[in-house]
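The structure appears below as structure tokens.
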Amino acid sequence: MRRVDSEIITKEITDAVQTANFSLNKDMYNRLEQAVKKEESRLGKNVLKELIENAKIAEKEKIPICQDTGIVVVFVEIGNEVYIEGSLEEAINYGVKIGYNEGYLRKSVVETPFRRENTDDNTPAVIYIEDVPGDKLKLNVLIKGAGSENMSKIRMFNPTADKKDIQKFIIDVVKNAGANACPPYILGVGIGGTFEKAAYLSKKALLKKESKDEKINQFEEEILREVNKTGIGPAGLGGKVTALDVKILTYPCHIASLPVAVNINCHASRHFSIEI
Amino acid sequence: MKLENPLTEKKVKKLRAGDKVELSGYIYTARDQAHKKLNDLIKKNKKLPIDLKDAVIYYTGPAPSREGQVIGSCGPTTSYRMDEYTPALLEQGLRGMIGKGPRSEVVKKAIKKNKAVYFAAVGGAAALLSKSIMESKIVAYPELQTEAIRLLKVKNFPVVVINDIYGQDLYEIGQNKYKEELG
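Just so you know, the sequences run in chain order A and B.
FYI, the numbering for the first sequence is 11 to 286, going by my numbering.
FYI, the numbering for the second sequence is 7 to 189, going by my numbering.
Written out as structure tokens, the structure reads:
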């Protein structure tokens, strides 16, 4: 067994929540630069340029890209040869607490849905733990703002539904989000599993790297092309670039069901991956 | 074009959907909980903590400021959540709103009726937008923390007109222009 001290986890999370909030991911930065070239609308082009400038200021001054510094979602992949000394969840939440205070990040989490009293340290994070082979501990940190989260949807399809039906649903979700959720979007799509599994996959899909599944890749490209025909454009002011990427994850499901969830992410798609 | 607050009817009449505007002068911040509180006061016929006559409200909850900073990152939040509370504020003289995303039909009618304007700031450009804010102080509901009502002094704050008094909507106009037949 490999021992991992929970203090290391706390330290890594403290840094990760700040980095993810201050520094636009290189991949996202490149996508925005490509989008400037592709966008035909003058207003849309300007929006994209402002987003690039915004990212530069945030990075340089160590201030958040967006004032909505989100709720922290952590996907943990824990190797079955790893032994954590102390509580994993406590270590993560402690890291969030320190990171949000030290980084002057907005605290946006309330204690109960009805009384809505701020927890004052942006905890608790939403944590998912997955068991994997090996002796590594991976923490994939996602900063999720409410503007995009509020526009996400799930639908339980009949098992006889086809790709066209699913595609139409995804387009409808994007149209409904319109200018609200800070386009151009990254779309996470979860297909299959159960009600909650599809929703989980849709969020996890936001972190997906290239896949070797040609059929899925093709479907993602097809959806992206269609989404970019909606005309929504950067900031919803009209244009050709409504989404920057579509990422799908699938899971086996029951003969009678076909759940499909769409999790929308804004153009900043703030995330950071840690390997310990 | 450049505009100086207070935002009078005369100034608003010149604005058309799609106009890029640089706003200077004082604006208030208010979002979900502050809107609810203001509406409760209006319903009870009580005096509001701020004067809305020819005022502009910016829907935002800024990030905390670092030492030496006027304000932390400060971009717009989604406007539709304020829709149910907006007509009552417009009746009180509110002239302009800054947010992101489309408004309800009811709000659009109230904008036209009260000769007001709805601007959008770029969602997610919060670090950049904070550079146009020169002063910031909490003027009501400090207990709401980031959601408190602040009075901001802005200089050349960049916005675009979405809904003008003539019933135009930039989201509709812009999106229709680039819409293609779906496959």
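Cβ atoms here follow ideal geometry from the backbone N, Cα and C, with glycine treated the same way.
Computed from a predicted model, the values in this text were never measured in an experiment.
Determine whether the Cβ of residue i lies closer than 8 angstroms to any Cβ atom of chain A.
i              : result
P93 (chain B)  : no
G189 (chain B) : yes
D35 (chain B)  : For clarity, residue 35 (chain B) is Thr in the given sequence; the question names Asp instead. Chain A contact via Cβ: absent.
T66 (chain B)  : yes
S138 (chain B) : no
V166 (chain B) : yes
T14 (chain B)  : no
Return no unless some Cβ of chain B is closer than 8 angstroms to the Cβ of residue i.
i              : result
I181 (chain A) : yes
I176 (chain A) : no
D15 (chain A)  : no
C263 (chain A) : no
I67 (chain A)  : yes
E43 (chain A)  : no
N132 (chain A) : no
N64 (chain A)  : yes
So, is residue i buried or exposed, given that buried needs 16 or more other C-beta atoms within 10 angstroms?
i              : result
N64 (chain A)  : buried
S221 (chain A) : exposed
H277 (chain A) : buried
M161 (chain A) : buried
T122 (chain A) : exposed
D141 (chain A) : exposed
P108 (chain B) : buried
H281 (chain A) : buried
A127 (chain B) : buried
H91 (chain A)  : This sequence places Glu at residue 91 (chain A); His is not what is there. It is exposed - the Cβ of E91 (chain A) has fewer than 16 other Cβ atoms within 10 Å.
F124 (chain A) : exposed
V145 (chain B) : exposed
S142 (chain B) : buried
E95 (chain A)  : exposed
Q228 (chain A) : exposed
E5 (chain B)   : Residue 5 (chain B) lies beyond the residue range present for chain B, which begins at 7 and ends at 189; the question has no answer from this structure.
G99 (chain B)  : exposed
E300 (chain A) : Missing from the structure shown is residue 300 (chain A); chain A here goes from 11 to 286 and no further.
M103 (chain B) : buried
E10 (chain B)  : exposed
Opposite residue i in the DSSP bridges: which residues?
i              : result
T84 (chain B)  : B:K106
I67 (chain A)  : For I67 (chain A), which the question treats as bridged, DSSP gives no partner whatsoever.
S30 (chain B)  : B:E10
Y104 (chain A) : Y104 (chain A) pairs with nothing; no bridge assigned.
I164 (chain A) : A:A271
N202 (chain B) : An answer regarding residue 202 (chain B) cannot be provided, because it is not within the stretch 7 to 189 covered by chain B.
E285 (chain A) : A:K148
G198 (chain A) : A:K257 and A:N273
L157 (chain B) : B:Y34 and B:K143
D175 (chain B) : B:N169
C94 (chain A)  : The question names Cys, but residue 94 (chain A) is Ile in the sequence shown. According to DSSP, I94 (chain A) bridges with A:V14.
F85 (chain A)  : A:Y138 and A:N150
F125 (chain B) : B:I104 and B:V167
List, in order along the chain, the chain B residues whose C-beta lies closer than 9 angstroms to that of residue i?
i              : result
V256 (chain A) : Residues of chain B passing the Cβ test: none, with the nearest at roughly 15 angstroms.
G241 (chain A) : G180, Q181, N182, K183, Y184, K185 and E186
Applying a beta-carbon distance threshold of less than 7 angstroms, which residues of chain B neighbour residue i?
i              : result
K250 (chain A) : Y184
V57 (chain A)  : V128
H277 (chain A) : G130
T79 (chain A)  : A69
N128 (chain A) : Q151
For residue i, return the contacting residues in chain B, with the cut-off set at a CB-CB distance below 8 angstroms.
i              : result
P74 (chain A)  : A69, G78, S79, A132 and A133
Y114 (chain A) : A69, P70, S71, R72 and G78
S51 (chain A)  : G180, K183 and Y184
L61 (chain A)  : V128, G130 and A131
E236 (chain A) : L188 and G189
Can you determine whether any heavy atom of the ligand MG sits closer than 7 angstroms to the C-beta of residue i, and answer yes or no?
i             : result
V82 (chain A) : In the structure shown, the ligand MG is absent, as is every other ligand, since no ligand is present at all.
Identify the contact partners of residue i in chain A, using a Cβ-Cβ distance below 7 angstroms as the criterion.
i              : result
Y86 (chain B)  : N190
L176 (chain B) : L247
Under 8 angstroms between beta-carbons, which chain A residues line up against residue i? List them in chain order, please.
i              : result
K106 (chain B) : G157, A189, N190, C192, A245 and G246
With three or more C-beta pairs closer than 8 angstroms as the rule, is the segment 77-93 of chain A touching the segment 55-70 of chain B? In short, these stretches touch, since the Cβ pair count reaches three.
When you compare the segment 39-47 of chain B with the segment 44-54 of chain A, are there three or more beta-carbon pairs, one atom per stretch, that lie closer than 8 angstroms? No: fewer than three Cβ pairs fall under 8 angstroms.
At least 3 beta-carbon pairs within less than 8 angstroms: the segment 24-36 of chain B vs the segment 219-233 of chain A: Flag = no, the segment 24-36 of chain B and the segment 219-233 of chain A do not touch.
Sufficient close CB pairs (3 or more, under 8 angstroms) joining the segment 43-55 of chain B to the segment 121-137 of chain B: Segments in contact, no.
Given 8 angstroms as the limit, is there contact between the segment 260-278 of chain A and the segment 196-209 of chain A, that is, 3 or more CB pairs closer than that? Contact between the segment 260-278 of chain A and the segment 196-209 of chain A is present, because at least three Cβ pairs lie under 8 angstroms.
Pairing CB atoms from the segment 236-256 of chain A with CB atoms from the segment 52-59 of chain A, are three or more of them under 8 angstroms? Taking a cut-off of 8 angstroms on C-beta distances, the segment 236-256 of chain A touches the segment 52-59 of chain A, as three or more cross pairs fall below it.
When you compare the segment 13-21 of chain B with the segment 183-192 of chain A, are there three or more beta-carbon pairs, one atom per stretch, that lie closer than 8 angstroms? Counting C-beta pairs with one atom in each stretch, the segment 13-21 of chain B and the segment 183-192 of chain A have fewer than three that are closer than 8 angstroms, which means they do not touch.
Do three or more CB pairs link the segment 172-181 of chain B to the segment 80-92 of chain B at distances below 8 angstroms? Segments in contact, no.
Taking contact to mean at least 3 C-beta pairs separated by less than 8 angstroms, is the segment 95-105 of chain A in contact with the segment 160-179 of chain A? No, the segment 95-105 of chain A does not touch the segment 160-179 of chain A.
So, does the segment 268-282 of chain A touch the segment 161-175 of chain A, judging by three or more C-beta pairs under 8 angstroms? With a cut-off of 8 angstroms, the segment 161-175 of chain A and the segment 268-282 of chain A count as touching, because enough Cβ pairs lie within range.
Report yes or no: do the segment 162-170 of chain B and the segment 115-130 of chain B share at least 3 C-beta pairs separated by less than 8 angstroms? The answer is yes - the segment 115-130 of chain B touches the segment 162-170 of chain B, with three or more Cβ pairs under 8 angstroms.
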